[in-house]
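Everything in the sequence shown is counted per my numbering, starting at 15 for the first residue and increasing by one. Report on the structure given below.
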Amino acid sequence: MLFSYFKIAFRQLARNKVFSGLNILGLALGMALAILIAVFIRSEFSYDTWMEGSELTYRLNRNRGGTGTSWTPSNLAQKLMSDYPEVVAASGQAPSGERLLSYGDKDLYIQETSTVDSTFFNVLGMKFLHGDPATALDQPNSMVITHELAERVFGTDNAIGKVVTYDGEEEFIISGVLDSKGRLSHLRSEIFTRFTWFSESWTGNNRSTYARLHPDVNVPAFETKITKDINKLIEQEYLASNYTPNKEDFFNWGLQPLHEVYLHSSNFNTVMHANGNIDTLYIFGFIAFIVLAVAIINYINLSTAQASQRSKEVGVKKVAGAGRRMLTTQFISESIIQASIAGVFALLLAEIGLPFFNKIIDRELELFSGDPSWVILCTVVLAILVGVIGGSYPAFVMSAFKPATALKANFMRTGNKGIFRKVLVIGQFSASITLLIVMFFIYRQVNFMIEEDLGFQADQVLSIPMSFDDSFRKVERLKSRIKQIQGVQEVTTTSTMPGRFFSDWQVLIEGRPNAISPYVIFTDGDFDNSLDIEMVAGRFIDDNIGADSISNYIVNEEFVKRYNISQPIGQRMKFGFQEAYGQIVGVAKDFHFHDLSREIMPLVMNANSWRNFTGIKLSTANLAETIAALKEIWTEVEPSHPMRYTFLDEDFARQYEEQQRFGKAILYATFLTLFIALLGLIGLTTFTLERRTREIGIRKVLGASVSGIISLISKDFVKLIGFSTLIAVPIGYVLISRWLEDFAHQTELVWWGFAGAGLVILGISFLTVFLQSIRAALANPVESLRSE
């Protein structure tokens, strides 16, 4: 019996090459995308799960008022280990930024590095290729590196015991090599060295803390316990500095499971910025569902459309004694066979399309790496599910035919209006129009953020990172020489630049009971001119005024508004670490120092001596010569570090890469969905024309024009797409409105964006139907009438 099903199935494929080809191609494309998205989602969920003991490892977080941070005090890990029996081990980690690694004639800038406690690898169970994780960082100048970095620096030589120069200053001994290939983690560092500086303050937060707990620990109860204990220590520190804290000065302390850190940190101010976002996975899963659903709808449409052609087959089999159950099994088996063939092609298409998919999502996925059996198993399961779902309705429809009716020549030519097929077509195009609406407004939002006035000058401003604490003093001494270089207009040194990480600091306003935590820039008197920042009151920092270097402050408009300061100029305030109060001497016009997905926050600018960047404003003429001259003079600032730089506008635009990748993913998903839907439309149009060949011939004999016939054939499809637009517009509005909620500054939802999506789909669909209809309309009516 099973063999006969196979034989009949392949006979049907051969007999209906066009319909079968369209079915298989549509299913293969939908399944290929579903496979790629499944590989991506599986990869995203694998972050940190490979670490030994990951199910008992947590990252500590502080949260207050719906926002949180993973920045914690230096001494938290030590307290956890000494005072809490619930904790097996605890350790801290902080990013140490870009660092220069030198070995022999090799000089490599390593983008991601970390400083950690000596116990770090006892808490996070990273696997080692060489070295002992328990003792790898016992010595102060020991260093653990990833396997990839070891290969780049030492080739095939064993790295253990090798001596490298770090940041052009100190020598370190390689004491461990991580087995990091193919292991995904939110910790992206390639180098781990030991902490050399600790703070005893409970109000200062400079690193993340990880803890491994005993299996029987009640995590919520433990969170309550440490919240009470640590907040008591914070209160004591406030009181010791003659400050009486309020409830707003305290946090709730939480434990975030290690396997959730990568995907569930989008609402956290994190030490190591996680790239993952669980919402993105939901969206990609939804895209896979939509594309696969459209492909299945195609199959159902084309299969039910062919029902009349197989009615005699069903009638003969029923007369011969075949039951409904046997016929249903036959048709579902045929569907599964077609879906299985599509599955084979889907794997091939997925492998071919994987490099392009990787480029869109900025990953390095491999389809058959590691254990390929799960990909094959998923494809088999998917093919069976698609086959059963796609074949069930046609099977039940065709198996329900009555023999006497099914054997009639005009069966299904009258009385059957194909309501169900029309509903499915509406569903297909509603999905396509919805995706097109979402894609349009995503691109509109990204372009809005890129083109919006930032409130500062980002073009032609070089951002140069500095490696040493005293480098900014050298730049200050060389400013006059740097400004003499042709093309250099302004020079500034600053703790950070717009588009990069901003830290918040505790600030006390005289006469106010609560401490506040605005963002802070430590900079000099040339910062405003270098970035063309406008002042709305008072003045900017003046390097010639001694008080400006310590106790005078510039604030932005949002600071004045948020903290309700009626007379900002002269208002006394200070940082929490300072003894004496200074005063506000200027108010700067608000500017976007973060991307436009975030609202402008209160900002304080001060001339304290923590500077990590040099900013140089250039003219557009002779840019290459200007940069070459800057590189030459930079050898006097950091002789061991060649000048590396980026342009500020590029740095700022880089913040939108995730939204741009997401927009591209929606774009290509929309194209694929529309293409699959059009395959179904081609099939349905072909079927309609075959059924109406005789009608078209009669109408032409009676004088119908070519345009009239094309209009007759097209109008039903135009109506369906019109209904699809009416359904898609509210759905698209809800989806894009929800997506835009994450952005503090939003583009306008213009009406023509919704109407345009429907018109685009209508135009493409009409063109598809028109090209097929015109051949039938131009055919010889004699031949059309002879065809039946």
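Where a beta carbon is used, it is the ideal one built from N, C-alpha and C, also for glycine.
Whole-angstrom Cβ separation of residue i and residue j, contact assumed at under 8 angstroms?
i, j, result
"P862", "P532", "Outside the displayed range of the chain (15 to 802) lies residue 862, so it cannot be described from this structure."
"V130", "F59", "About 25 angstroms; that fails the 8 angstroms criterion."
"I812", "S738", "The structure shown does not extend to residue 812, since the chain is modelled only from 15 to 802, so the question has no answer here."
"M587", "V534", "Actually they are not in contact, since the Cβ atoms of M587 and V534 sit about 12 angstroms apart, beyond 8 angstroms."
"E100", "V231", "5 angstroms"
"V402", "I346", "6 angstroms"
"N266", "N77", "5 angstroms"
"I51", "G299", "7 angstroms"
"S132", "L151", "4 angstroms"
"R553", "G629", "Contact flag wrong, Cβ pair sits at about 20 angstroms."
"L396", "A48", "6 angstroms"
"I723", "R713", "6 angstroms"
"M453", "D609", "Contact doesn't hold; Cβ gap of about 20 angstroms is too wide."
"V305", "L686", "6 angstroms"
"I614", "L438", "About 48 angstroms separates the two Cβ atoms, so there is no contact after all."
"G596", "A561", "7 angstroms"
Can you grab the Cα-Cα spacing for the pair residue i / residue j, in whole Å?
i, j, result
"Y224", "H273", "12 angstroms"
"R789", "T294", "45 angstroms"
"V569", "T634", "31 angstroms"
"F282", "Q270", "11 angstroms"
"V783", "L695", "8 angstroms"
"I159", "T170", "15 angstroms"
"N430", "K436", "With a pLDDT of only 48 at N430, under the threshold of 50, the placement of this residue in the model should not be trusted, and no figure is reported."
"A445", "K678", "17 angstroms"
"L316", "G441", "15 angstroms"
"G175", "F135", "19 angstroms"
"F573", "A602", "10 angstroms"
"N620", "E262", "25 angstroms"
"T700", "W753", "39 angstroms"
"G584", "N260", "26 angstroms"
"S485", "R166", "29 angstroms"
"N372", "N219", "37 angstroms"
"A590", "I530", "Checking the sequence shown, residue 590 turns out to be Gly, not Ala. C-alpha separation (whole angstroms): 10 angstroms."
"A683", "I456", "13 angstroms"
"A551", "Q500", "33 angstroms"
"I292", "H278", "6 angstroms"
"D194", "G139", "Inspection of the sequence shows that residue 194 is occupied by Ser rather than by Asp. Straight-line Cα distance between these residues: approximately 12 angstroms."
"Q786", "L698", "11 angstroms"
"G717", "G711", "10 angstroms"
"L43", "D97", "58 angstroms"
"M549", "S611", "24 angstroms"
Which of the three DSSP states is assigned to residue i in this structure?
i, result
"Y457", "helix"
"K488", "helix"
"Q153", "coil"
"Y221", "Per the sequence shown, the amino acid found at residue 221 is Arg instead of Tyr. DSSP places R221 in strand when its eight states are reduced to three."
"H606", "coil"
"D97", "helix"
"Q762", "Position check: residue 762 holds Glu in this sequence, whereas Gln was assumed. Here E762 sits in coil by DSSP."
"H161", "helix"
"V550", "strand"
"F757", "coil"
"T702", "helix"
"I1", "Absent from the model: residue 1. The displayed extent of the chain is 15 to 802, so no value can be given."
"K176", "coil"
"L201", "coil"
"G777", "helix"
"V743", "helix"
"R109", "Residue identity check: residue 109 is Pro in the sequence provided, not Arg. Strand at P109."
"E378", "coil"
"I555", "coil"
"K575", "helix"
query: Is the number of C-beta pairs between the region 210-217 and the region 71-85 that are closer than 8 angstroms three or more?
result: no
Touching or not, the region 102-117 and the region 224-243, by the rule of three or more beta carbon pairs under 8 angstroms?
yes
>> Under 8 angstroms, with one C-beta from each stretch per pair, do the region 514-531 and the region 544-551 reach the 3-pair mark?
In response: no
Fill in: Stretch-stretch touch, CB-based, cutoff 8 angstroms, three pairs: the region 771-782 with the region 685-692
yes
task: Starting from the N-terminal side, write out each stretch of the alpha helix (DSSP H) that is 4 residues or longer and does not extend beyond the region 236-305.
output: 272-275
Check: When the Cβ atoms of the region 644-654 are set against those of the region 464-484, are three or more pairs found closer than 8 angstroms?
Finding: yes
Can you find at least 3 beta carbon pairs, one from the region 572-580 and one from the region 489-501, that sit closer than 8 angstroms? no
request  = Count the CB pairs spanning the region 374-391 and the region 666-678 that are closer than 8 angstroms, and state whether there are at least three.
outcome  = yes
**Report entry** Length at least 3, wholly inside the region 585-659: the beta strand (DSSP E) runs in chain order
**Finding:** 586-589, 596-602, 617-620 and 627-632
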